[in-house]
Amino acid sequence: MREMDDRIKILSDMIAASSRIVAFTGAGISAESGIPTYRGEGGMWNRYDPNIYVNIDYFMRDPSYYWSLFHDVRYDVLRKARPNAAHAALARLEKRGKLTAVITQNIDGLHQLAGSRNVLELHGSTRKIYCLNCGARYTIDDVHELLKKSNPPPCPNCGGMLRPDVVFFGESLPEDTLARATEESENCDLMLAIGSSLVVYPAAWLPQRAKESGARLAIINRGSTPLDSIADVVISASAGEALNAVVPGGPDS
Ligand code: APR
Numbered sequence: 206m207r208e209m210d211d212r213i214k215i216l217s218d219m220i221a222a223s224s225r226i227v228a229f230t231g232a233g234i235s236a237e238s239g240i241p242t243y244r245g246e247g248g249m250w251n252r253y254d255p256n257i258y259v260n261i262d263y264f265m266r267d268p269s270y271y272w273s274l275f276h277d278v279r280y281d282v283l284r285k286a287r288p289n290a291a292h293a294a295l296a297r298l299e300k301r302g303k304l305t306a307v308i309t310q311n312i313d314g315l316h317q318l319a320g321s322r323n324v325l326e327l328h329g330s331t332r333k334i335y336c337l338n339c340g341a342r343y344t345i346d347d348v349h350e351l352l353k354k355s356n357p358p359p360c361p362n363c364g365g366m367l368r369p370d371v372v373f374f375g376e377s378l379p380e381d382t383l384a385r386a387t388e389e390s391e392n393c394d395l396m397l398a399i400g401s402s403l404v405v406y407p408a409a410w411l412p413q414r415a416k417e418s419g420a421r422l423a424i425i426n427r428g429s430t431p432l433d434s435i436a437d438v439v440i441s442a443s444a445g446e447a448l449n450a451v452v453p454g455g456p457d458s
């Protein structure tokens with residue numbers, strides 16, 4: 206385990222020397238909160254076809270498939286999910302004035318629940334649902350109730366079609382959020398890429414932009430990623446364990 210200790214020490218020293226850290230997170234950071242990842246062992250895409258489940262053309266033709274999975278599977282997972290040690294460590298780092306932004310691919314809202322304030326949600330939030338016709342906004346609890354009566358759930362205000370405020374496959378990322386995330390990536394002195402397979406674009410450009418702009422790049426991920434070769438340090442460990450080690454002050458440190 207000596208090699209792991211060495212890598213933790215290297216990353217701890219990098220964090221100590223940095224003042225403009227940006228975290229870039231993926232589904233792996235929420236795995237310890239009970240939210241399944243998309244790829245790898247037990248991943249969502251091993252069980253559901255993303256080209257049906259979260260494809261905009263399919264959703265607009267037949268939203269009932271998305272909403273039945275929401276009702277049967279996702280709602281309970283989201284309702285029970287709480288931030289874990291990794292989310293808490295990033296919130297601590299921001300409170301200490303060391304971290305300027307969390308850029309996340311996740312749609313679970315756990316960074317905000319952990320207390321992070323500057324969170325850029327590249328793929329939106331599954332906790333936010335709105336009506337395509339009148340724009341009325343609803344929570345996951347509202348929609349879960351509506352689904353008990355009918356699927357797809359009609360907007361209580363105007364009867365229109367509801368959709369989650371997430372980026373479906375086939376849609377582009379929110380321009381303003383991507384622009385802010387790009388600026389943060391280009392101006393940070395250390396990027397922590399945590400719990401992402403780093404295979405989905407344009408999100409996966411951001412750690413590369415950070416590196417090209419002169420920042421150091423640290424990857425914390427259980428599995429290998431295509432960017433490991435350009436990283437300054439790669440820590441193959443669980444996000445909670447690694448971040449607790451490099452950002453002391455957590456409940457069990
Ligand atoms: N700690 C650290 N890493 C973990 C943990 C953990 N506890 N558990 C799993 N991992 C790693 C996995 O090995 C995997 O490499 O997290 C990574 C998660 O990768 P993906 O499931 O591909 O998730 P992500 O990179 O966020 O996917 C990007 O793809 O389908 C789209 O829109 C979806 O935002 C998502 C995007």
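Just add 205 to wherever you are in the sequence shown, counting from 1, and you've got the numbering used here. The beta-carbon is built from N, C-alpha and C at its ideal position, and this holds for glycine as well.
Can you give me the Cβ contacts of residue i inside the same chain, cut-off strictly under 6 Å, excluding the 5 residues immediately before and after it?
i	result
LEU318	PRO288
VAL438	ARG212, ILE215, LEU216, ALA423
TRP410	none
GLY320	ALA296
ASP347	none
LEU448	ALA291, ALA294
Does DSSP classify residue i as helix, strand or coil?
i	result
PRO255	helix
ASP394	coil
ILE334	strand
THR305	strand
ILE425	strand
VAL451	helix
PHE373	coil
LEU383	helix
PRO412	helix
ALA228	strand
VAL348	helix
GLU246	coil
Counting only the same chain and skipping the five closest in sequence on each side, list residues whose C-beta sits under 7 Å from that of residue i.
i	result
ALA306	VAL227, ASN323, LEU325, GLU389
SER273	ASN356
SER223	LYS303, ASP394, LEU395
GLY247	PRO241
VAL451	ILE213, LEU216, SER217, ILE220
ALA386	ILE308, LEU325, LEU327, LEU411
PRO255	PHE374
Is residue i close to chain B? Criterion is C-beta to C-beta, closer than 8 Å.
i	result
LEU327	In summary, chain B is missing from the structure at hand, where a single protein chain is found.
Would you check if the distance between the CB atom of residue i and the CB atom of residue j is smaller than 8 Å?
i	j	result
SER293	ILE399	For the record, residue 293 in the displayed sequence is Ala; it is not Ser. Taking 8 Å as the Cβ cut-off, ALA293 and ILE399 do not qualify as a contacting pair.
HIS328	LEU295	no
ILE440	LEU216	yes
SER330	ASP281	no
ARG231	ASN311	Residue identity differs from the one stated: residue 231 is Gly in this sequence, not Arg. In this structure, ASN311 lies closer than 8 Å to GLY231 by Cβ.
ILE308	PHE373	no
ARG368	GLY233	no
GLU237	ALA444	yes
ARG279	ASN392	no
TYR243	ILE257	no
PRO431	VAL404	yes
ASN338	GLY365	yes
CYS360	ALA341	yes
Within the same chain, show all residues whose beta-carbon is closer than 8 Å to that of residue i, passing over the 5 residues directly before and after it, in chain order.
i	result
GLU376	ILE261
GLY245	SER402, ARG427, GLY428
TRP250	TYR243, ARG244
ASP433	ILE424, VAL439
GLN413	LEU432, ILE435
With distance defined between alpha-carbon atoms, name the residue in the options nearest to residue i.
i	options	result
ASN362	TYR343, GLU350, PHE374	TYR343
ILE220	GLY428, ARG421, ALA442	ARG421
ILE240	PHE264, LYS300, GLU446, ARG284	ARG284
LYS353	PHE275, LEU378, LEU383	PHE275
THR382	PRO359, LEU397, PRO407, ARG266	PRO407
ILE349	LEU337, LYS333, GLY340	At residue 349 the sequence reads His, which differs from the Ile that was named. Per the Cα distances, LYS333.
ASP277	GLY455, VAL451, LYS300, ILE345	ILE345
PRO358	ASP267, PRO456, PRO453, ASP254	ASP267
MET265	GLN413, ALA341, CYS336	CYS336
SER235	ALA286, GLU417, LEU397	ALA286
GLU299	GLU446, GLU417, GLN413, LEU397	LEU397
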